[in-house]
């Protein structure tokens with residue numbers, strides 16, 4: 001599953017990031033990295049954008065980036 | 001003894017670099033403009049006393065743009081990396097947000113790898129303590145091999161220590177930074193180090209760093225060793241080492257492998273030095289975000305803020321505008337008294353003073369709007385705005401942040417173009433700049449009011465005006481989509497954006513932003529607009545036609561009837577304008593406008609509108625022979641226009657005004673913000689073609705309907 005399949009308030013672990021190298025490095029420099037736990041804070045209308053929290057950092061992503069990040073939901 | 005130290009200040013965005021500079025120096029901020037760089041770098045000078053005796057040091061701090069990494073993903077990252085690699089400086093101060101240690105350390109590891117002298121500043125320590133985060137700075141210093149100093153720009157904690165440390169590190173011979181990699185990588189590094197040692201290789205940089213850079217495929221380092229005799233043996237050795245690493249990491253992307261290494265190192269370092277007192281409650285930012293980016297109330301709250309900002313900008317800004325206007329009118333009249341009514345007096349009053357006045361008139365608007373935008377940015381709200389609106393704007397190839405420049409465009413295009421700076425991506429910014437003109441600015445309103453008043457009933461006027469504005473905005477969005485598909489091709493720029501913590505704005509910082517923006521507007525726009533204003537004044541006043549003037553003077557002096565006298569002087573004005581360079585251009589370009597149902601008079605009116613849209617109405621006044629001193633509420637002009645212009649031509653005229661190039665001031669600012677005159681050329685061609693085509697369609701459809 002990827003971030004888009006989560007609901008607001010869900011916590012999940014990042015399993016992999018499948019995208020081109022430069023975007024991957026960009027995501028990683030913002031702390032979005034394999035093995036990291038994220039929490040979904042808010043979706044914009046139609047799940048076009050998402051705000052996720054990593055530790056205390058809040059990061060906004062678009063649909064495209066959401067789809068490239070595979071996660072595993074924490075129960 | 002040389003006591004000049006140059007310090008490069010680097011850090012991720014929102015770590016309080018600028019406030020730190022303010023805290024170190026009590027001197028005034030001096031803004032340096034570096035050529036070819038759109039991102040500002042700040043230089044300041046201050047003196048340091050160390051404890052042995054008081055020695056004066058002049059320290060130049062170069063404030064590099066905030067960068068998340070040295071991966072060259074954004075303009076800021078490119079500028080920062082290129083400065084750190086190529087420019088002369090003595091040491092790097094890496095400013096780190098103490099409340100966000102792990103991610104910041106990721107950037108620190110990249111800096112440490114450069115082999116320069118580094119000081120790590122753990123900034124915003126007061127906030128960290130409040131959040132229950134305790135960092136062992138000594139331990140971190142042991143791990144990284146460089147001094148780590150806790151500071152707080154607001155409480156001035158650690159500022160003196162930092163000054164001492166700058167001097168100490170400056171006096172050191174070389175970098176003491178160290179990064180530890182995972183065992184497989186360390187093994188290969190050691191192999192290479194041993195090889196260099198065995199061969200007695202002479203290297204300017206330490207063996208370890210050389211080994212790391214070779215393993216990272218660093219091009220410059222390769223060039224360095226390429227001509228050395230040992231390269232014959234070395235290159236196969238490196239290849240083998242990399243193969244080992246590939247196998248171990250199950251990946252062939254060295255960049256990603258080392259990013260993983262940095263991540264592991266930063267995480268490890270953080271784990272060792274940080275201790276959190278009790279689980280703290282959800283922080284303030286997340287609580288505020290629950291409200292401000294909420295699906296349902298987020299957008300209404302934002303619209304309210306925007307409404308308030310525009311009320312302030314255009315209502316409050318209008319007050320000094322009137323004073324400035326009357327002040328410059330007064331100056332112009334005085335100038336005519338001093339220099340006479342002749343050519344020179346007219347040049348000074350109508351050309352220069354009026355030109356400068358037009359520039360300064362926008363200043364109150366710009367100041368208020370930029371104060372508002374600076375507040376939105378420094379508090380961290382701007383990122384939320386982008387988040388809220390990105391879904392909608394992205395459909396048209398725009399970015400969530402495009403909203404603010406676009407809405408500003410309804411007020412005035414000049415600040416709107418400047419507001420587009422908030423878009424960091426070049427393509428997003430260009431696309432937004434190109435369609436700002438579609439948002440009808442305040443200066444076009446008089447033209448609309450005049451024509452709508454002349455051709456539509458009073459009860460319809462409001463609806464028609466609304467229609468004009470809405471269809472302009474829609475056209476803009478459609479154009480954005482078309483430009484995005486056909487002109488600004490290429491994949492979508494990703495939207496990966498930090499939502500910074502909400503912070504109270506620092507007065508000094510906001511003042512600095514607003515001040516420097518106002519200054520650059522006055523300086524750059526002022527010179528060009530002044531020049532162009534003089535040019536247009538010249539085109540409408542020359543060549544002097546003494547014969548026409550003289551013959552009318554005679555007629556006027558012979559006439560006793562006041563009304564006919566007035567009529568004659570209007571005719572004089574009309575004929576002078578018709579025979580000026582501007583009038584000649586109007587006649588010359590008439591064939592272009594004939595298919596739109598317009599004559600040379602309307603063509604001239606549109607052409608003078610390139611200078612300023614307000615001029616269109618007064619030009620029409622002159623051309624339709626009731627004198628230049630009119631406004632849109634003048635019933636005489638309304639009647640004249642109704643009598644002389646066919647309805648379909650009027651519709652075509654309105655459509656043309658909606659779309660074509662905004663005023664001269666805006667065009668100059670556009671060229672500057674877009675980054676070159678060629679873009680102004682593109683914009684001119686693009687808007688003129690669109691305006692002509694749609695005007696043509698509107699003309700013929702109207703002809704069919706009526």
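Residue numbers (the working numbering), protein chains in the order written: chain A, 1 to 75; chain B, 1 to 706.
In this text, a Cβ means the ideal position worked out from N, Cα and C, and glycines have one as well.
Quick one: is residue 12 of chain A near chain B, going by C-beta distance under 9 Å? Chain B has no Cβ within less than 9 Å of the Cβ of residue 12 of chain A.
Hey, residue 657 of chain B and residue 698 of chain B are a contact pair by Cβ (cut 8 Å); roughly how many whole angstroms apart? Between residue 698 of chain B and residue 657 of chain B the Cβ distance is about 12 Å, and since that is not below 8 Å, they are no contact.
Which residue marks the beginning of the beta strand (DSSP E) containing residue 37 of chain A, and which one marks its end? Going by DSSP, residue 37 of chain A is part of the beta strand (DSSP E) stretching over 37 to 43.
Cβ of residue 415 of chain B within 9 Å of Cβ of residue 422 of chain B? Not in contact: residue 415 of chain B and residue 422 of chain B (Cβ atoms no closer than 9 Å).
Which residues bound the alpha helix (DSSP H) around residue 23 of chain A? Start and end: 21 to 29.
Which of the three DSSP states is assigned to residue 87 of chain B in this structure? It is coil, neither helix nor strand.
Inter-residue Cα distance where the pair is residue 37 of chain B and residue 231 of chain B: Any reading at residue 37 of chain B needs caution, since the residue's pLDDT is 34, under 50, leaving its predicted position unreliable; the model's value is listed next. So the two alpha carbons sit approximately 38 Å from each other.
Are three or more beta carbon pairs between the stretch 555 to 572 of chain B and the stretch 390 to 400 of chain B nearer than 8 Å? Too few Cβ pairs lie closer than 8 Å, so no.
Span separating the alpha-carbon of residue 687 of chain B from that of residue 446 of chain B: Computed Cα separation, rounded: 21 Å.
Using the Cα positions of residue 52 of chain A and residue 594 of chain B, report the straight-line distance between them to the nearest angstrom. C-alpha separation (whole angstroms): 58 Å.
Chain A partners of residue 263 of chain B, CB-CB under 7 Å? Using a Cβ-Cβ cut-off of 7 Å, residue 263 of chain B is close to 28, 33 of chain A, given in chain order.
Roughly how many whole angstroms lie between the Cα atoms of residue 540 of chain B and residue 614 of chain B? Answer to the nearest angstrom: the Cα atoms are 16 Å apart.
Starting from residue 667 of chain B, follow its DSSP beta bridges and name the residues at the other end. BP columns for residue 667 of chain B are empty, so no partner.
Three-state secondary structure (DSSP) at residue 497 of chain B? In this structure, residue 497 of chain B counts as strand in the three-state DSSP scheme.
How about residue 55 of chain A: is its C-beta nearer than 9 Å to some C-beta of chain B? Residue-level contact by beta carbon holds for residue 55 of chain A and chain B, with a gap shorter than 9 Å.
Sort out for me which residues DSSP pairs residue 58 of chain A with in a bridge. BP columns for residue 58 of chain A point to A/53, B/499.
Min CB distance residue 402 of chain B to chain A below 9 Å: Against chain A, the CB of residue 402 of chain B has no partner CB under 9 Å away; the residue lies outside that interface.
Quick one: is residue 39 of chain B near chain A, going by C-beta distance under 9 Å? Since pLDDT at residue 39 of chain B reaches only 44, below the 50 mark, its modelled position is unreliable, and the value read off the structure follows with that caveat. It does not; no Cβ of chain A falls within 9 Å.
Closer than 8 Å, Cβ to any Cβ of chain B: which residues of the stretch 38 to 50 of chain A, in chain order? So the list reads 41, 42, 43, 44, 45, 46, 48, 49, given in the order they occur along the chain.
If you count every other CB in all the chains shown that lies within 10 Å of the CB of residue 286 of chain B, and 16 or more means buried, which is it? That one is buried.
Pairwise C-alpha distance: residue 56 of chain A and residue 272 of chain B: Near 19 Å, if we compare the C-alpha coordinates of residue 56 of chain A and residue 272 of chain B.
Find the nearest neighbour of residue 46 of chain A within the set B/96, B/390, B/470, B/611, judged by alpha-carbon distance. Checked all of B/96, B/390, B/470, B/611; the closest Cα to residue 46 of chain A is B/390.
Grab me the residues of residue 352 of chain B's own chain with a C-beta within less than 8 Å of its C-beta, minus the 5 sequence neighbours each way, in chain order. Closer than 8 Å at the Cβ level, and outside the excluded window around residue 352 of chain B, lie 530, 533, 534.
Could you check where the alpha helix (DSSP H) with residue 384 of chain B kicks off and where it finishes? DSSP places residue 384 of chain B in the uninterrupted alpha helix (DSSP H) bounded by 381 to 394.
Is there at least one Cβ from chain A nearer than 9 Å to residue 379 of chain B's Cβ? Closer than 9 Å to the CB of residue 379 of chain B there is not a single CB belonging to chain A.
Could you check where the alpha helix (DSSP H) with residue 6 of chain A kicks off and where it finishes? Here residue 6 of chain A belongs to no alpha helix (DSSP H), and DSSP marks it neither H nor E.
Which residues in chain A sit within 9 Å of residue 286 of chain B, going by Cβ to Cβ distance? Within chain A, the residues 41, 53, 56, 58 have their CB atoms less than 9 Å from the CB of residue 286 of chain B, given in chain order.
Between residue 24 of chain A and chain B, is the shortest Cβ-Cβ distance under 9 Å, so that the two count as touching? By this cut-off, residue 24 of chain A is an interface position.
Nearest candidate by alpha-carbon position, reference residue 123 of chain B, set B/570, B/480, B/18: Answer by Cα proximity: B/18.
Residue 725 of chain B: which of B/154, B/167, B/637, B/209 sits nearest, CA to CA? The structure shown has nothing for residue 725 of chain B, since chain B only spans 1 to 706.
Residue-level contact to chain A via CB, residue 27 of chain B, 9 Å cutoff: Residue placement at residue 27 of chain B is flagged as unreliable, the pLDDT there being 49, under the threshold of 50; the coordinate-derived value follows with that caveat. Judged by the 9 Å Cβ criterion, residue 27 of chain B is not in contact with chain A.
Can a CB atom of chain A be found closer than 9 Å to the CB of residue 497 of chain B? Yes, residue 497 of chain B lies at the interface with chain A (some Cβ there is under 9 Å from its Cβ).
Based on the DSSP secondary-structure assignment, which residues constitute the bridge partners of residue 148 of chain B? Residue 148 of chain B is bridged to B/120.
Quick check: the Cα distance between residue 434 of chain B and residue 480 of chain B, rounded to an integer number of angstroms? Those two C-alpha atoms are separated by around 8 Å.
With a cut-off of 8 Å on the beta carbons, I'd call residue 95 of chain B and residue 167 of chain B a contact; round off their distance for me. Not really, about 18 Å apart at Cβ, beyond 8 Å.
Could you confirm whether any beta carbon from chain B is found closer than 9 Å to the beta carbon of residue 18 of chain A? It does not; no Cβ of chain B falls within 9 Å.
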